[in-house]
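Numbering (the numbering used here) for the sequence shown: 19 to 210.
Since the structure comes first, as structure tokens, the remarks are kept for the end.
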Amino acid sequence: TLLFGGSGAQLFGDTWEWSGSVWTTVASATSPTPREGHAMVHDSSRSRTVLFGGRDSNGSPLSETHEFSGTGWSQIFPSRSPPARAGHAMAFDTVRRRTILFGGEDADRALGDTWEWDGAAWTQILTASSPQARAGQVMTYDVARRRVVLFGGRDASGNPTGDSWEFNGAAWTLRTLASSPPRRSGHALVYD
Numbered sequence: 019t020l021l022f023g024g025s026g027a028q029l030f031g032d033t034w035e036w037s038g039s040v041w042t043t044v045a046s047a048t049s050p051t052p053r054e055g056h057a058m059v060h061d062s063s064r065s066r067t068v069l070f071g072g073r074d075s076n077g078s079p080l081s082e083t084h085e086f087s088g089t090g091w092s093q094i095f096p097s098r099s100p101p102a103r104a105g106h107a108m109a110f111d112t113v114r115r116r117t118i119l120f121g122g123e124d125a126d127r128a129l130g131d132t133w134e135w136d137g138a139a140w141t142q143i144l145t146a147s148s149p150q151a152r153a154g155q156v157m158t159y160d161v162a163r164r165r166v167v168l169f170g171g172r173d174a175s176g177n178p179t180g181d182s183w184e185f186n187g188a189a190w191t192l193r194t195l196a197s198s199p200p201r202r203s204g205h206a207l208v209y210d
């Protein structure tokens, strides 16, 4: 289990690993700058942890892509990247072997775009329908159903949302459900 960055009395730029019984700091010759509001996923097909975006100590959103190999960090410089953002969500699609990124917020507004990272390039995915622009949402990959699941977040006005969406690699589908958790943001979601 890998932890990077966050905020407390300051912004952190440290890397920690959890073994199941102890936290250990990880030294790396290079490392992402201190930040909060970034997103990370583990790309199991390439044995890399992918980090994108976040906010720096001035509160400015970032558009950097970094990968952790298990021993150190490397910044990746693709020819095209998602715009700078924080508060976005990412999930790793194990079948298609792609990191999926959705939404977040830049310095001025909530974002509603979808991007894929294949380990070499970011590609924007345009779909007929998609979740409204938002930040603070969560996503995970449902292995059994082969879908990225997105829930909640804050809309462009800052109001919590309570909608459920699924992404199959080509299209987003709004799920209309008889029962659902109440509207929220800042929560967590994981596939069991």
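We put the CB at the ideal spot given by N, CA and C, even for glycine.
Counted within 10 angstroms of its Cβ, other Cβ atoms place residue i as buried (16 or more) or exposed
{"i": "Leu80", "result": "buried"}
{"i": "Val59", "result": "buried"}
{"i": "Phe95", "result": "exposed"}
{"i": "Thr132", "result": "buried"}
{"i": "His56", "result": "buried"}
{"i": "Val113", "result": "exposed"}
{"i": "Pro100", "result": "buried"}
{"i": "Arg127", "result": "exposed"}
{"i": "Val208", "result": "exposed"}
8 Å contact criterion, which residue i and residue j should meet: CB distance rounded
{"i": "Thr179", "j": "Gly171", "result": "5 Å"}
{"i": "Arg103", "j": "Gly71", "result": "5 Å"}
{"i": "Arg201", "j": "Trp140", "result": "That belief does not hold up - the Cβ atoms of Arg201 and Trp140 are roughly 30 Å apart, past 8 Å."}
Contact check, residue i vs residue j, beta carbons under 7 Å
{"i": "Arg152", "j": "Asp124", "result": "no"}
{"i": "Trp91", "j": "Thr48", "result": "yes"}
{"i": "Phe110", "j": "Asp160", "result": "no"}
{"i": "Gly130", "j": "His106", "result": "no"}
{"i": "Arg165", "j": "Asn186", "result": "yes"}
{"i": "Phe169", "j": "Ser182", "result": "yes"}
{"i": "Arg53", "j": "Asp74", "result": "yes"}
{"i": "Glu82", "j": "Val68", "result": "no"}
{"i": "Leu41", "j": "Thr19", "result": "In the sequence as displayed, the identity of residue 41 is Trp instead of Leu. Not a contact, by the Cβ cut-off of 7 Å."}
{"i": "Thr194", "j": "Glu184", "result": "no"}
{"i": "Ala196", "j": "Thr145", "result": "no"}
{"i": "Val167", "j": "His205", "result": "no"}
Runs of beta strand (DSSP E) lying entirely within the segment 97-138, each at least 3 residues, in chain order
For the segment 97-138, whole beta strand (DSSP E) runs of length 3 or above, ordered along the chain, are 107-111, 116-123, 128-135.
Which residue spans inside the segment 42-85 form an unbroken beta strand (DSSP E) run of at least 3?
Fully enclosed beta strand (DSSP E) runs of 3 or longer: 57-61, 66-70.
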